[in-house]
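I have placed the structure first, in the form of structure tokens, so that the comments after it can refer back to it.
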Amino acid sequence: MQHDEDMIAAAIRGDRLALQKLLKLEKEKLYRMAYTYVKNEDEALEVFQQTVLQAIESIHQLKNPAYFSTWLTRICINKALTALKKNKKLVVMDKVEEQVLEMDSSADIAQQLDVANALGLLSEKYKTALMLRYYQDFSVKQIAEVMNCAEGSVKTLIHRGLALLKKNLKGVYADERQRDFN
Amino acid sequence: MNGKEISIKKAMEQIDVPEDRLDAIIEQAFFETSAAKKKKQRRWLAPAVAASVLFIGSSAAVLTASPVLANYMAQIPVIGNVFAIFSEEERGLLEYERFSEDVGLSQTSNGITISIEQAVYDGTKVTFTYTVESDQKLDSSAHLTGSPILLEAEGPTGGMEWEPVEGGIAGIAEILHLDEEAKQVNVQWEPVSLYTEHGEIVGDWKFEFAVAQLKNLEPLILDQKVSNNGVSVHFDKVTFTDISVNIAYQQLVEPSLLQDWQYVEAELLAQDDLGNVYPVPYNGGTTPGGSRTAEDLEWTATVRGLSPEAKTLTFYPFAHISRVAEEGEPDAKRIEFDAVEIDLVERTHSLIENPVFPELEEKQE
Numbered sequence: 001m002q003h004d005e006d007m008i009a010a011a012i013r014g015d016r017l018a019l020q021k022l023l024k025l026e027k028e029k030l031y032r033m034a035y036t037y038v039k040n041e042d043e044a045l046e047v048f049q050q051t052v053l054q055a056i057e058s059i060h061q062l063k064n065p066a067y068f069s070t071w072l073t074r075i076c077i078n079k080a081l082t083a084l085k086k087n088k089k090l091v092v093m094d095k096v097e098e099q100v101l102e103m104d105s106s107a108d109i110a111q112q113l114d115v116a117n118a119l120g121l122l123s124e125k126y127k128t129a130l131m132l133r134y135y136q137d138f139s140v141k142q143i144a145e146v147m148n149c150a151e152g153s154v155k156t157l158i159h160r161g162l163a164l165l166k167k168n169l170k171g172v173y174a175d176e177r178q179r180d181f182n
Numbered sequence: 001m002n003g004k005e006i007s008i009k010k011a012m013e014q015i016d017v018p019e020d021r022l023d024a025i026i027e028q029a030f031f032e033t034s035a036a037k038k039k040k041q042r043r044w045l046a047p048a049v050a051a052s053v054l055f056i057g058s059s060a061a062v063l064t065a066s067p068v069l070a071n072y073m074a075q076i077p078v079i080g081n082v083f084a085i086f087s088e089e090e091r092g093l094l095e096y097e098r099f100s101e102d103v104g105l106s107q108t109s110n111g112i113t114i115s116i117e118q119a120v121y122d123g124t125k126v127t128f129t130y131t132v133e134s135d136q137k138l139d140s141s142a143h144l145t146g147s148p149i150l151l152e153a154e155g156p157t158g159g160m161e162w163e164p165v166e167g168g169i170a171g172i173a174e175i176l177h178l179d180e181e182a183k184q185v186n187v188q189w190e191p192v193s194l195y196t197e198h199g200e201i202v203g204d205w206k207f208e209f210a211v212a213q214l215k216n217l218e219p220l221i222l223d224q225k226v227s228n229n230g231v232s233v234h235f236d237k238v239t240f241t242d243i244s245v246n247i248a249y250q251q252l253v254e255p256s257l258l259q260d261w262q263y264v265e266a267e268l269l270a271q272d273d274l275g276n277v278y279p280v281p282y283n284g285g286t287t288p289g290g291s292r293t294a295e296d297l298e299w300t301a302t303v304r305g306l307s308p309e310a311k312t313l314t315f316y317p318f319a320h321i322s323r324v325a326e327e328g329e330p331d332a333k334r335i336e337f338d339a340v341e342i343d344l345v346e347r348t349h350s351l352i353e354n355p356v357f358p359e360l361e362e363k364q365e
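Those sequence lines, one after another, are chains S and V. Under UniProt numbering, the first residue of the first sequence carries the number 1, and numbering increases by one thereafter. Under UniProt numbering, the first residue of the second sequence carries the number 1, and numbering increases by one thereafter.
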């Protein structure tokens, strides 16, 4: 999401209301990212809460407003991975499936759910790269910043991640038709 | 189409987002980080869910925390004065102890005794103290999991701090709930476990208790507006309890000001006639309907730890207005306003023009 750089600059220099507005704009994406890692609402909320706190405490360290989204996303991913390490527990996909199916049992939802499950089962690196590319709409360069790796590695992760998803789901990849990820 | 259409975006958008809870978490985070509370260990309460249902279905004893009833409760072991442990950093907590009621609930499970000691509700937040005692020596990682909830509140509602003390843990919990009309509120807490780095002891504890709100005097209506440089602060009313002073005010911004500036935030500082200066952290702000500008906000804020000897309390409003220049560094300026003095004895108020602003002594970390 592209934010008003002025608002980000204001947040960096200590305008708490500006930061609050920015976090509210990002909340859905952050929560869904967190949820994809930890797979339950309570823990996703906790990851979200820790992300918000960390953002408030360290916003002043952000040098360039242009990096706000990648900076915030990195905080969220780190918090989620830390939560996973702490818990080390098995993710019960069936439960997630039931919850969503209760809302709408259409075939399309079920298919998307398969995608979500398949994505959830990928290793962290593939999962992170794919979410950042196709959900956050980050460029390869931005993903490299978030994941702290070379751009070439990001492309490899996206290629392999997609290949794994396709193999597991035997489907046609929709996001790719709309955008070249290079 | 052959096979399924794979869309990560669509799949992720199916994840249900609890928007209200996320908003509440954000607001809570800003509220809590407005005060410097870093030394103690701190945990945030998870959002409360379906609180009223839990209350109705419960058969656990509900204690009305009146002093009379409390006297009937068994004496519980006390590990020092819990309020005192936490009052070093937090102004006004010792007054909270003075006016708090004994709760005196204590339960033991799997060798762990959890006791709720005292509780107080000042119309903005419920504060209660607890202790945890164990036969085993507890290290600094030990803390309780499972958060207390307020049956009247929704969403994430406060924070907990704890410290290891001899014989166990002493803790203090705060649950925010701004409702000056509520005569009492109900706290429910089912600690799940005592967590330590070396293991987790799960137990069966359940507490429910009511906390009466400290008596409010009738609110003093101020209806006093002060203006400077296109920003006005309108003092609405002030209410008093034995331990806190709550003030409601609005910031109103001339639309023309926002042609040059972007953000406005009006705050208060308070000083009593003895020279004590108090921070006035706000509990939260909202944009009222029908506002002329996006920067028009209504605030409530609370002074804690007011000296009992104080005869007057003066509120000094100031605002930061800021913008980001087209190129280069951001720009900000501070404007100050006339102050409003409250006569705490006579319950009157008066305007002080061109006041000398007091300075808040920052606490050393």
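We put the beta carbon where it would ideally sit given N, CA and C, even for glycine. Predicted model, so just to flag it, every value in this text is computed and none were measured.
Quiz item: With distances taken from CA atoms, which of S/D15, S/A44, S/T36, S/E26 is nearest V/F30?
Solution: For V/F30, the nearest C-alpha among the options comes from S/D15.
Self-check item: Residue ranges of each beta strand (DSSP E) within the UniProt domain "DUF5643" (221–344) of chain V, 3 or longer
Solution: Complete beta strand (DSSP E) runs here, min 3: 231–240, 244–253, 263–272, 277–279, 282–286, 297–304, 312–324, 330–336, 339–343.
Quiz item: Quick one: Cα of S/A129 to Cα of S/R32, how far?
Solution: Distance between S/A129 and S/R32, taken at the CA atoms: about 15 Å.
Quiz prompt | S/D42 - DSSP class collapsed to helix/strand/coil | solution = Helix, per DSSP.
Exercise. Note down the Cα distance separating V/W189 from V/T145, rounded to an integer number of angstroms.
Key: Taking the straight line from one Cα to the other gives about 10 Å.
Quiz item: If we cut at 9 Å on Cβ distances, does V/K10 have a partner in chain S?
Solution: Cβ-Cβ to chain S under 9 Å: yes for V/K10.
Quiz item: Quick one: what's V/T113 bridged to in DSSP?
Solution: In DSSP, V/T113 forms a bridge with V/T108, V/E133.
Quiz item: What's the call for V/P191, buried or exposed, on a 16-neighbour Cβ count within 10 Å?
Solution: Around the beta carbon of V/P191, 16 or more other beta carbons sit within 10 angstroms, so the residue counts as buried.
Quiz item: Do you know offhand how far V/D120's Cα is from V/E32's?
Solution: Correcting the residue identity first, residue 120 of chain V is Val in this sequence and not Asp. Straight-line Cα distance between these residues: approximately 19 Å.
Quiz item: Buried or exposed: which applies to S/A163, given that a residue is buried once 16 or more other Cβ atoms fall within 10 Å of its Cβ?
Solution: The Cβ neighbour count for S/A163, taken over all protein chains shown within 10 Å, is under 16; the residue is labelled exposed.
Exercise. Closer than 7 Å by C-beta to V/S100: which residues in its own chain qualify, once you throw out the five before and the five after it? Chain order, please.
Key: Correct list, in chain order: Q118, A119, V120.
Practice problem: Identify which residue in S/K39, S/M7, S/D4 has its Cα closest to the Cα of V/V17. | Solution: The option with the nearest alpha carbon to V/V17 is S/K39.
Self-check item: Backbone secondary structure at V/E174 - three-state DSSP
Solution: The three-state secondary structure of V/E174, taken from DSSP, is strand.
Quiz item: Measuring CB to CB, does V/Q262 end up less than 9 Å from S/A10?
Solution: Contact flag set, yes.
Self-check item: Simplified DSSP state of S/Q49, which is helix, strand or coil
Solution: Correct three-state label for S/Q49: helix.
Quiz item: For the segment 122–142 of chain S, which residues have a CB atom closer than 9 Å to at least one CB atom of chain B, in sequence order?
Solution: The structure shown contains no chain B; its protein chains are S and V.
Quiz prompt | Straight-line gap, V/L45 to V/L313 (C-alpha atoms, nearest Å) | solution = Unreliable placement is indicated for V/L45, whose pLDDT of 40 sits below 50; the coordinate value is still reported in the next sentence. If you take the alpha carbons of V/L45 and V/L313, they lie about 33 Å apart.
Self-check item: Close Cβ partners of S/Q136 (< 7 Å) along its chain, the five nearest in sequence each way excluded
Solution: Taken in chain order, the residues that qualify are K29, T73.
Self-check item: V/E353 - DSSP class collapsed to helix/strand/coil
Solution: Judged by DSSP in its simplified three-state form, V/E353 adopts coil rather than helix or strand.
Quiz prompt | Among V/V303, V/T127, V/I342, V/V345, nearest to V/A212 - alpha-carbon criterion | solution = Closest by alpha carbon: V/T127.
Quiz item: What is the DSSP secondary structure of S/G152, counted as helix, strand or coil?
Solution: Secondary structure of S/G152 (DSSP, three-state): helix.
Quiz prompt | Spatial distance of S/Q143 from S/E124 (CA atoms) | solution = Before going on, a small fix: residue 143 of chain S reads as Ile here, not Gln. Rounded to the nearest angstrom, the two C-alpha atoms are 14 Å apart.
Exercise. Pull up the DSSP beta-bridge partners for V/D102, would you.
Key: V/Q118, per the DSSP bridge assignment.
Quiz prompt | Nearest residue (CA-CA) to V/I175, options V/L351, V/M160, V/L220, V/V226 | solution = The option with the nearest alpha carbon to V/I175 is V/M160.
Self-check item: Cross-strand partners of V/E208 (DSSP beta bridge)
Solution: DSSP, once it has assigned bridges, lists V/Q188 as partnering V/E208.
Quiz item: Do you know offhand how far V/E218's Cα is from V/T239's?
Solution: Just so you know, the alpha carbons of V/E218 and V/T239 end up roughly 7 Å apart.
Self-check item: Under 8 Å from the C-beta of V/A29: neighbouring residues of chain S
Solution: By Cβ distance, chain S contributes Q49, V52, L53, I56.
Quiz item: From V/S322 to V/Y130, what distance separates their C-alpha atoms?
Solution: Distance between V/S322 and V/Y130, taken at the CA atoms: about 44 Å.
Practice problem: Could you list the residues in the segment 13–26 of chain S with a C-beta less than 7 Å from some C-beta on chain V, going in chain order? | Solution: For the segment 13–26 of chain S, which is checked against every Cβ of chain V, the residues closer than 7 Å are R13, D15, R16, L17, A18, Q20, L23, K24.
Quiz item: Whose Cβ in chain S lies nearer than 9 Å to the Cβ of V/E344?
Solution: According to the sequence shown, residue 344 of chain V is Leu rather than Glu. Under a criterion of Cβ atoms nearer than 9 Å, no residue of chain S is adjacent to V/L344; the nearest Cβ is some 31 Å distant.
Quiz item: When burial is assigned at 16 or more other CB atoms within 10 Å of the CB, is V/Q136 buried or exposed?
Solution: Looking at its Cβ environment, which holds fewer than 16 other Cβ atoms inside 10 Å, V/Q136 is exposed.
Quiz prompt | Cβ-based neighbour list, V/L344, same chain, cut-off 7 Å, excluding 5 preceding and 5 following | solution = So the list reads A310, K311, T312, L313, once near-sequence residues are dropped.
Practice problem: Classify V/V185 as buried or exposed, calling it buried when 16 or more other Cβ atoms lie within 10 Å of its own Cβ. | Solution: Here V/V185 is buried. Its C-beta has 16 or more other C-beta atoms within 10 Å.
Quiz item: Helix, strand or coil for V/H198 per DSSP?
Solution: Three-state DSSP puts V/H198 in coil, outside helix and strand.
Quiz prompt | S/L119 at chain V interface by Cβ criterion, 9 Å | solution = With 9 Å as the cut-off, S/L119 counts as an interface residue toward chain V.
Quiz item: If we cut at 9 Å on Cβ distances, does S/R32 have a partner in chain V?
Solution: Taking 9 Å as the threshold, the shortest C-beta distance from S/R32 to chain V falls below it.
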